[in-house]
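Colleague:
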Amino acid sequence: MSRITYVNGRYLRHRQAGVHVEDRGYQFADGVYEVIAVREGRILDLEPHLDRLDRSLKSLQIAAPMARRPLEVVVREMVCRNHVKTGIVYMQVTRGVARRAHAFPKDTKPAVVVTARSLAPPSEAAVRDGVKVISVPDIRWGRCDIKSIALLPNVLARQEATAAGVYEAWLVDAAGDVTEGSSSNAWIVDQKGNLVTRNLGTALLGGVTRAALLEACRDAGVLVVEHAFSRDEALAAREAMVTSTTAFVLPVVAIDGQKVGQGKDAGRPGPVYARIRRLYEARVAAALAGTPMRPLQKPAKVA
Ligand code: PMP
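Quick note: the sequence shown uses the working numbering, first residue -7, plus one each step.
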């Protein structure tokens, strides 16, 4: 079975699919993207992903390449045509093709690429025993709330993590606070027992999984505090976690080689993770069963 890729209105064989050499995404990273999870052939959280795509496009003054409904049709088509049961849809919109010059070109249509492929969910071992992270300086730009395809600092951070044999790199800002992971949001259970994740703003991406979990926690009466936490607080935390579309929620059991938690349970996933994981699984199960979900909270506006 050959993979199919959508490029600017056409469904092409993946091997033959390509974009123009003067696509501004290729030359300037002048574009945005989304990654959406597929489970049992169903697309999870499509609306909040498309909402975020709209926000990213607006922030960069890139026109929407097509209306929401036709775009949804393309996403569903791609899942069907590629026979994806468990996997991801990747969509990228760039400012389009134009002769290379920094300023925005006039009358250029945005370019869209959508791919879909199978991808195994996190391993049972990762879900049960947890993953390790390292911390690295956050060297990114000032608008990390935009899901830009300019991911070089994230790539370098993840490469450091990979070279260190760990799952993720947590990015630490100049104040010593953790912003997020290279492709995930970061959470801790602090020494007082508060579940903490950094508040939204321009320093981090408003994760769709983060928003979904916040809502699930609110519904279940689990208090979450949204404020910055430092690397030191993370090292002293009772528990730590990461969330993302591809990771869902995974326990972090070591940071920079130091076990998370104290006493005999140090380095082992904790009770808050277990609860959060159940909440998340229940939410996915409800979505797959077709139970209407309450709309996600709108992320806070960023000036
Ligand atoms: N932060 C960054 C930098 C990311 O790349 C991602 C993954 N898209 C996330 C957080 C998590 O976002 P989501 O839950 O929407 O996948």
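Built from N, CA and C at the ideal position, the CB exists for glycine as well.
#1: Per DSSP, what kind of secondary structure is V244 in: helix, strand or coil?
#2: Could you work out which residue in I247, A278, P243 is closest to A117 when comparing CA atoms only?
#3: Please classify G255: does DSSP put it in a helix, a strand, or coil?
#4: Within a Cβ cutoff of 8 Å, which residues of the same chain sit near R150, ignoring the five residues on either side of it in sequence?
#5: Where does the unbroken beta strand (DSSP E) through A161 begin, and where does it stop?
#6: Buried or exposed: which applies to R369, given that a residue is buried once 16 or more other Cβ atoms fall within 10 Å of its Cβ?
#7: Once DSSP output is grouped into helix, strand and coil, what is the label at A279?
#8: In this structure, what does DSSP give as the bridge partners for T86?
#9: CB-CB under 7 Å to K139, same chain, minus the five flanking residues each way: which ones, in chain order?
#10: Note down, in chain order, each residue of its chain lying with its Cβ closer than 7 Å to the Cβ of A246, except the 5 sequence neighbours on either side.
#11: Hey, would you say the C-beta of L227 is under 7 Å away from at least one heavy atom of the ligand PMP?
#12: Touching or not, the segment -3 to 13 and the segment 211 to 224, by the rule of three or more beta carbon pairs under 8 Å?
#13: Assuming A153 is part of the alpha helix (DSSP H), what are its boundary residues?
#14: Can you tell me which of G134, G122, T235, A93 puts its alpha carbon nearest to the alpha carbon of G199?
Modeller: The structure says:
#1: For the purposes of this step, residue 244 is taken as residue 252 along the sequence shown, with counting starting at 1. Three-state result, V244: strand.
#2: Taking the sequence shown and counting its residues from 1, the one referred to as residue 117 is at position 125. Per the Cα distances, P243.
#3: Locating residue 255 in the sequence shown gives position 263, where the first residue counts as 1. If DSSP states are grouped into helix, strand and coil, G255 belongs with the helices.
#4: Position 158 of the sequence shown, counted from the start, is the residue given in the question as residue 150. For R150, the CB contacts under 8 Å within the same chain, skipping 5 residues up- and downstream, are E160, A161, S174, S175 in chain order.
#5: Residue mapping note: residue 161 aligns to position 169 of the sequence shown, counting from 1. From DSSP, the beta strand (DSSP E) with A161 extends over 160 to 164.
#6: Not covered by the structure: residue 369. The range shown for the chain is -7 to 295.
#7: Within the sequence shown, the letter at position 287 stands for residue 279. Correct three-state label for A279: helix.
#8: Counting from one through the sequence shown, the residue named residue 86 turns up at place 94. According to DSSP, which records beta bridges pairwise, T86 is partnered with G23, A103.
#9: Position 147 of the sequence shown, counting from 1, holds the residue named residue 139. For K139, where only same-chain residues beyond five positions count, the Cβ hits under 7 Å are V24, Y25, E26, R44, S48, L197.
#10: Along the sequence shown, read from residue 1 onward, the residue named residue 246 stands at position 254. The residues K124, V252, G259, in chain order, have a CB closer than 7 Å to that of A246 in the same chain once the five nearest residues on each side in sequence are set aside.
#11: Stepping through the sequence shown from its first residue, residue 227 is reached at position 235. Residue side-chain check: L227 keeps its Cβ at 7 Å or more from all non-hydrogen atoms of the ligand PMP.
#12: No: fewer than three Cβ pairs fall under 8 Å.
#13: The residue labelled residue 153 in the question sits at position 161 within the sequence shown. Taken as a continuous stretch (DSSP letters only), the alpha helix (DSSP H) holding A153 covers 144 to 155.
#14: By 1-based counting over the sequence shown, the position of residue 199 is 207. Of the candidates G134, G122, T235, A93, the one whose C-alpha sits nearest the C-alpha of G199 is T235.
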